[in-house]
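A.B. asks:
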Amino acid sequence: DTGVSQDPRHKITKRGQNVTFRCDPISEHNRLYWYRQTLGQGPEFLTYFQNEAQLEKSRLLSDRFSAERPKGSFSTLEIQRTEQGDSAMYLCASSQRVAPEGYTFGSGTRLTVV
Amino acid sequence: KQEVTQIPAALSVPEGENLVLNCSFTDSAIYNLQWFRQDPGKGLTSLLLIQSSQREQTSGRLNASLDKSSGRSTLYIAASQPGDSATYLCAVNGDSNYQLIWGAGTKLIIKP
Chain A
73 DTGVSQDPRH
83 KITKRGQNVT
93 FRCDPISEHN
103 RLYWYRQTLG
113 QGPEFLTYFQ
123 NEAQLEKSRL
133 LSDRFSAERP
143 KGSFSTLEIQ
153 RTEQGDSAMY
163 LCASSQRVAP
173 EGYTFGSGTR
183 LTVV
Chain B
80 KQEVTQIPAA
90 LSVPEGENLV
100 LNCSFTDSAI
110 YNLQWFRQDP
120 GKGLTSLLLI
130 QSSQREQTSG
140 RLNASLDKSS
150 GRSTLYIAAS
160 QPGDSATYLC
170 AVNGDSNYQL
180 IWGAGTKLII
190 KP
């Protein structure tokens with residue numbers, strides 16, 4: 073297992089378009105998290121899954137955002153009708169159970185909305 | 080509400096110096112605290128994880144300490160190298176048990 077993988081690494085899109093990001097967690101990790109990070113700030117929590125169940129969503133996750141983890145393995149984060157304010161680094165992390173060994177992050181997807 | 084603060088926001092030191100980065104948090108009810116490194120435009124690399132029952136963790140030239148009662152953690156870097164230049168973030172895993180609360184980071188520059 074090579075860690076947490078995110079795809080694509082970079083995405084440039086026009087305002088109003090839809091985008092989808094993918095995250096493949098470490099295989100034995102049953103928890104998966106999405107965070108968003110803007111320049112000069114720490115990451116902000118968006119949502120997390122335990123297996124296929126989405127257990128918590130931040131108020132940052134407006135109705136234009138949707139996340140899925142259909143089989144408890146990989147996850148997708150979709151943003152509909154993108155806005156310039158959505159430009160950020162989207163980070164995925166995974167952990168075991170209650171994260172006794174901490175969180176492992178992917179390299180992120182940098183989204184630029186023009 | 081848990082808040083995490085990192086001081087200083089930026090630090091520039093000559094190569095070879097030992098240095099300390101600080102992280103403070105307002106609620107001592109935490110499960111663990113994790114230090115991460117982030118290179119410009121990149122994701123996060125975990126450096127050290129300290130469980131709430133531990134006082135410190137070491138990895139190579141890095142040593143992280145935790146004082147839950149005072150709400151403080153420090154990351155000590157020995158014999159700094161230009162390759163250590165990056166932003167260092169601390170994150171607390173608090174009573175929600177699923178959400179990390181982050182500091183804004185310390186941007187470290189090691190001058191050759």
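These protein sequence lines map, in sequence, to chains A and B. Per our numbering, the very first residue in the first sequence carries number 73; after that it's consecutive. Per our numbering, the very first residue in the second sequence carries number 80; after that it's consecutive. For each residue, glycine too, the CB sits at the ideal point set by N, CA and C.
Between which two residues does the beta strand (DSSP E) containing B:Asn-97 stretch?
C.D. replies: B:Asn-97 -> no beta strand (DSSP E), and no H or E assigned at all.
A.B. asks: Using the beta-carbon of each residue, which ones in chain A are nearer than 9 Å to B:Ala-183?
C.D. replies: Gly-112, Gln-113, Gly-114
A.B. asks: Using three-state DSSP, classify B:Asp-118 as helix, strand or coil.
C.D. replies: coil
A.B. asks: Determine the extent of the beta strand (DSSP E) in which A:Ser-147 is found, giving its start and end residues.
C.D. replies: 147 to 151
A.B. asks: Indicate whether A:His-82 and A:Thr-181 have their beta-carbon atoms separated by less than 9 Å.
C.D. replies: The Cβ atoms of A:His-82 and A:Thr-181 lie closer than 9 Å to each other.
A.B. asks: Which residues in the same chain as B:Asn-111 place their Cβ atom closer than 7 Å to its Cβ, once the five residues preceding and following it in sequence are excluded?
C.D. replies: Counting only Cβ-Cβ distances below 7 Å, and skipping sequence neighbours, we find Leu-128, Ile-129, Gln-130, Ser-131, Asn-172.
A.B. asks: Between B:Leu-179 and the rest of its own chain, which residues show a CB-CB distance below 8 Å, the 5 nearest in sequence each way excluded?
C.D. replies: Gln-113, Ala-170, Val-171, Asn-172, listed in sequence order.
A.B. asks: If you measure from the beta carbon of B:Leu-100 to each beta carbon in chain A, is any gap under 9 Å?
C.D. replies: Output row for B:Leu-100: interface = no.
A.B. asks: What did DSSP end up calling B:Gln-130 once you bin it into helix, strand or coil?
C.D. replies: strand
A.B. asks: Note down the Cα distance separating A:Ser-138 from A:Asp-158, rounded to an integer number of angstroms.
C.D. replies: 13 Å
A.B. asks: In whole angstroms, give me the CA-to-CA distance for B:Ile-30 and B:Gln-85.
C.D. replies: Since the first residue of chain B shown is 80 and the last is 191, residue 30 of chain B is not available in this structure.
A.B. asks: If I measure Cβ to Cβ from A:Thr-110 and keep anything under 6 Å in the same chain, skipping five residues before and after, which residues do I get?
C.D. replies: Ala-160
A.B. asks: Determine the direct distance from the alpha carbon of B:Gly-95 to that of B:Ser-103, and round the result to whole angstroms.
C.D. replies: 26 Å
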